[in-house]
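Trainee: FYI, the numbering for the sequence shown is 0 to 252, going by numbering that gives the first Met the number 0.
Just so it is clear, CB atoms sit at the ideal spot from N, CA and C, and this is done for glycine as well.
The following block contains the structure, expressed as structure tokens.
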Amino acid sequence: MPYKDVVAWNAMLQAFADNGDLQSAQTIFHQIDRPDPASWSAMIAAYAQHGHLDDARRVFDSIPARLLRRSVVPWNAMLAAIAQLGTAAAAAEALFQRMPQSSVGSWSAVIQACAQNGQGEAALDFFRRMEQRGVEADALAIMGVLAACSHVGSVEEAWYYFTSMEIDRGILPKLEHYHSMVDALGRSGRMREAEELIHTMPFLPTSISWTTLLGACKIHKNVELAELAAENARRLQPQNIASYVLLSNLITA
0 MPYKDVVAWN
10 AMLQAFADNG
20 DLQSAQTIFH
30 QIDRPDPASW
40 SAMIAAYAQH
50 GHLDDARRVF
60 DSIPARLLRR
70 SVVPWNAMLA
80 AIAQLGTAAA
90 AAEALFQRMP
100 QSSVGSWSAV
110 IQACAQNGQG
120 EAALDFFRRM
130 EQRGVEADAL
140 AIMGVLAACS
150 HVGSVEEAWY
160 YFTSMEIDRG
170 ILPKLEHYHS
180 MVDALGRSGR
190 MREAEELIHT
200 MPFLPTSISW
210 TTLLGACKIH
220 KNVELAELAA
230 ENARRLQPQN
240 IASYVLLSNL
250 ITA
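Pasting the structure below:
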């Protein structure tokens, strides 16, 4: 290819980033004469994938102001990096407040960042503010809300958001949403309801389904159900030792 436009460069950059080749991604990025929002975002994501949040911030801070004013894409990439690497939710909120415009992806990234850092109330507050502004939640935002509800012990609120996904929002729950609801039910002590949800969900249970329940069994010291969950997890994924460790910790506690 004698001449590469920014779209071609971005395709190469994204390919290296997706394959975990950070060095090649860096090389490609520095060869782009005029990076566009997608170029900057791909490089931010590449650094985040390798856990280099400081480098991701450095890239973000290098983006020309004119690009940041006209595109939400780099902002969302930086918010996603903060959420992915589990840094302080306050950092995500501070970045969010600087944005000249936002999208549902922006809100979802902040909600995820708060939820992943144990700041459930902050995540729920952001979600409510998002809805008050008329921004329609997406599947990722609901994931963050379910995780937040689980961590603050608000299982009824989690159930409300979970059951209203398809009816009120037109969002089909994914397996990950069911796992979040299993976690919320289990953490609140409603173990049998969590088990029933695994059996009745419109997906085949995975080892994660059962280790999620197993984690709740450990919290509430339910050895009988823990043994069942561990056996199912081992059957589905024999090489995964997580179920062995969780069950052993429960029995020896």
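1) Cβ atoms of His176 and Ile141: under 8 Å apart, would you say?
2) Where do the N-terminal and C-terminal ends of the alpha helix (DSSP H) with Leu12 fall, by residue?
3) Taking the straight line between their C-alpha atoms, what separation do you get for Leu123 and Asp4?
4) So for Ser247, helix, strand or coil by DSSP?
5) Using the Cβ count rule (16 or more neighbours within 10 Å means buried), how would you classify Ile119?
6) How would you label Val6, buried or exposed, when you count the other beta carbons within 10 angstroms and need 16 or more for buried?
7) Nearest CA to the CA of Asp137: which residue from Asn18, Arg57, Ser163?
8) Excluding the 5 residues preceding and the 5 following Pro204 in the sequence, name in chain order all residues of the same chain whose CB lies nearer than 8 Å to its CB.
9) DSSP three-state call for Leu66: helix, strand or coil?
10) Could you pull out every residue in the same chain whose Cβ sits closer than 6 Å to the Cβ of Ala41, ignoring the five residues on either side in sequence?
11) With 16 as the cutoff for other CB atoms within 10 Å, does Leu67 come out buried or exposed?
12) To which residues of the same chain is Val154 closer than 8 Å at the C-beta, ignoring the five residues directly before and after it?
13) Taking Ser242 and Leu213 to be in contact with their CB atoms under 8 Å, please state how far apart those CB atoms are, rounded to whole angstroms.
14) What does a CB cutoff of less than 6 Å around Ile81 pick up in its chain, not counting 5 residues either side in sequence?
15) Jot down the residue ranges of each uninterrupted alpha helix (DSSP H) in the segment 81 to 147, minimum 4 residues, whole runs only, in chain order.
16) Tell me which residues share the same chain as Trp106 and place their Cβ nearer than 7 Å to its Cβ, disregarding the 5 neighbours each side in the sequence.
17) Where does Thr211 land, buried or exposed, given buried means 16+ other C-beta within 10 angstroms?
18) Can you give the Cα-Cα distance for Gln115 and Val144, rounded to whole angstroms?
19) Buried or exposed: where does Val222 fall if 16 or more other Cβ atoms within 10 Å of its Cβ makes it buried?
20) Buried or exposed for Asn9, please, with buried defined as at least 16 other CB atoms from any protein chain shown within 10 angstroms of its CB.
21) Under the assumption that Val72 contacts Pro34 (Cβ atoms under 8 Å), give the Cβ distance between them as a whole number of angstroms.
22) So, with DSSP's three-state summary, where would you put Arg168?
23) Considering only C-alpha positions, which residue in the set Arg97, Ile43, Ala215, Pro63 is nearest to Leu84?
Mentor: In short:
1) Start at 1 with the first residue of the sequence shown, and residue 141 comes out as number 142. Start at 1 with the first residue of the sequence shown, and residue 176 comes out as number 177. Going by C-beta atoms, Ile141 is nearer than 8 Å to His176.
2) As a working mapping, residue 12 is identified with position 13 in the sequence shown. Run containing Leu12: 5 to 17, per the alpha helix (DSSP H) assignment.
3) Translated into positions along the sequence shown, residue 123 becomes position 124. Translated into positions along the sequence shown, residue 4 becomes position 5. Straight-line Cα distance between these residues: approximately 43 Å.
4) Taking the first residue of the sequence shown as 1, we reach residue 247 at position 248. Three-state DSSP puts Ser247 in a helix.
5) Taking the sequence shown and counting its residues from 1, the one referred to as residue 119 is at position 120. Per the sequence presented here, residue 119 reads as Gly, with Ile not at that position. So Gly119 counts as buried.
6) Sequence index remark: in the sequence shown, residue 6 carries index 7 (1-based). With fewer than 16 Cβ atoms within 10 Å of its Cβ, Val6 is classed as exposed.
7) By 1-based counting over the sequence shown, the position of residue 137 is 138. Answer by Cα proximity: Ser163.
8) Sequence index remark: in the sequence shown, residue 204 carries index 205 (1-based). The beta carbon of Pro204 is closer than 8 Å to those of Ile197, His198, Asn231, Leu235 in its chain, skipping five residues each way along the sequence.
9) As a working mapping, residue 66 is identified with position 67 in the sequence shown. Reduced to three states, the DSSP call for Leu66 is helix.
10) Mapped onto the sequence shown, residue 41 falls at position 42. Taken in chain order, the residues that qualify are Leu12, Gln13, Ala16.
11) Sequence index remark: in the sequence shown, residue 67 carries index 68 (1-based). Label assigned to Leu67: buried.
12) Here residue 154 corresponds to residue number 155 of the sequence shown, with the count starting at 1. Only Cys148, Ala183, Leu184, Arg186, Ser187, Arg189 meet the Cβ criterion.
13) Looking up residue 242 in the sequence shown gives position 243. Looking up residue 213 in the sequence shown gives position 214. That pair is a contact at about 6 Å.
14) Position 82 of the sequence shown, counting from 1, holds the residue named residue 81. If we look at Ile81 and ignore the five residues flanking it on each side, its Cβ neighbours are Ala90, Ala91, Ala112.
15) 88 to 97, 103 to 115, 119 to 131
16) As a first step, residue 106 is located in the sequence shown; it is residue number 107 there, counting from the start. The answer, listed in chain order, is Phe125, Met129, Val134, Ala140.
17) Position 212 of the sequence shown holds residue 211. Counting Cβ neighbours within 10 Å, Thr211 comes out buried, since at least 16 surround it.
18) Counted from its first residue, the sequence shown places residue 115 at position 116. Counted from its first residue, the sequence shown places residue 144 at position 145. Each residue's alpha carbon lies about 10 Å from the other.
19) Locating residue 222 in the sequence shown gives position 223, where the first residue counts as 1. Result: exposed.
20) The residue given as residue 9 occupies position 10 in the sequence shown. When all chains shown are included, Asn9 counts as buried.
21) Locating residue 72 in the sequence shown gives position 73, where the first residue counts as 1. Locating residue 34 in the sequence shown gives position 35, where the first residue counts as 1. Going by Cβ atoms, the distance from Val72 to Pro34 rounds to 12 Å, so no, they are not a contact pair.
22) As a first step, residue 168 must be located in the sequence shown, where it is residue number 169. Helix.
23) For the purposes of this step, residue 84 is taken as residue 85 along the sequence shown, with counting starting at 1. Per the Cα distances, Ile43.
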